Amino acid sequence: MFFGSRLWRICVFFTFIFSMLTFANLLSVLPLNMHTFDTLPEIVQKEIKGQAKIKLSEYKKRLATRQRLLPEQDLMLHLQPQICYQGEKSPEGQTPWPQEMTQYFCASNELANWCFKYNNLYQTTENVFPLPKGYCLHTSLSCYRVRRWNQALDDCHKWLCMATFFLVSIVLHSWYVKSQEPQQDRRPSLPSPPPPTRKLPKSGPIPPLRNLRSRHENYKSRR
């Protein structure tokens, strides 16, 4: 029976492991560990501001060569230090920032070293730089993928969720099938009752044998 077999126990074990990994990855990206810009160390604030100014200056120079002004919209700059810290490369074949504002940049090695040492900063922190005409440059820093463990979980998060969903479905389905079995099938088999005792037929008093005589007759015969 599958419900009590070794395969069932293995399936439950992997369901538990995959569920714990999925929950750990989900909890690590929740805004529980988010830090505001003002709470970061001064050297980190300086690094973020410096990277934002460098990218914004490069963008203004490209616009100036084409005799264009800053677009009337908010801009977004993402910094992920693991790109330069662990040899990851930014996506190739994309147009220069900020035409594709989903690009990620490595910031600096100093910032990457700080991220690696600061265990609690897993979530993105964001700072806003003012632009002309009331628009803003949003700069975010995420240290989540600096650590190899988080990077591996983040890379396989989609497949991990699918495997967890598949295993949980199997476990719940097997449990449901087992719970729907008839009650009689799940009761232990009782021993068969003993055979009924054999009763003798009722009869009257046993008549005396023919050769037997009473005591009175025996007395007479002796005299």
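Under the numbering used here, the first residue of the sequence shown is numbered 62, with each subsequent residue one higher.
Every residue gets a Cβ at the ideal spot worked out from N, C-alpha and C, and that includes glycine.
No experiment lies behind these values; they were computed from the predicted model shown.
Limits of the beta strand (DSSP E) - the one that residue i falls within
i	result
residue 187	186 to 191
residue 200	197 to 202
residue 138	136 to 140
Residue span of the alpha helix (DSSP H) that contains residue i, given as start and end
i	result
residue 217	First-last for residue 217: undefined, no H or E at that position.
residue 131	Run containing residue 131: none; DSSP gives neither H nor E here.
residue 172	170 to 178
8 Å contact criterion, which residue i and residue j should meet: CB distance rounded
i	j	result
residue 83	residue 138	Contact doesn't hold; Cβ gap of about 30 Å is too wide.
residue 221	residue 72	Actually they are not in contact, since the Cβ atoms of residue 221 and residue 72 sit about 16 Å apart, beyond 8 Å.
residue 165	residue 144	6 Å
residue 186	residue 87	Not confirmed; about 19 Å, so no contact.
Local Cβ density within 10 Å of residue i, reported as buried at 16 or more and exposed below that
i	result
residue 175	buried
residue 109	buried
residue 237	exposed
residue 217	exposed
residue 168	buried
residue 116	buried
residue 170	exposed
residue 74	exposed
residue 68	exposed
residue 245	Low per-residue confidence applies at residue 245: pLDDT is 49, beneath 50, and the placement is therefore not dependable, though the value from the model is reported in the following sentence. Label assigned to residue 245: exposed.
residue 198	buried
Check whether residue i and residue j have beta carbons under 8 Å apart
i	j	result
residue 190	residue 113	yes
residue 79	residue 173	no
residue 131	residue 202	no
residue 159	residue 140	no
residue 205	residue 133	no
residue 188	residue 77	no
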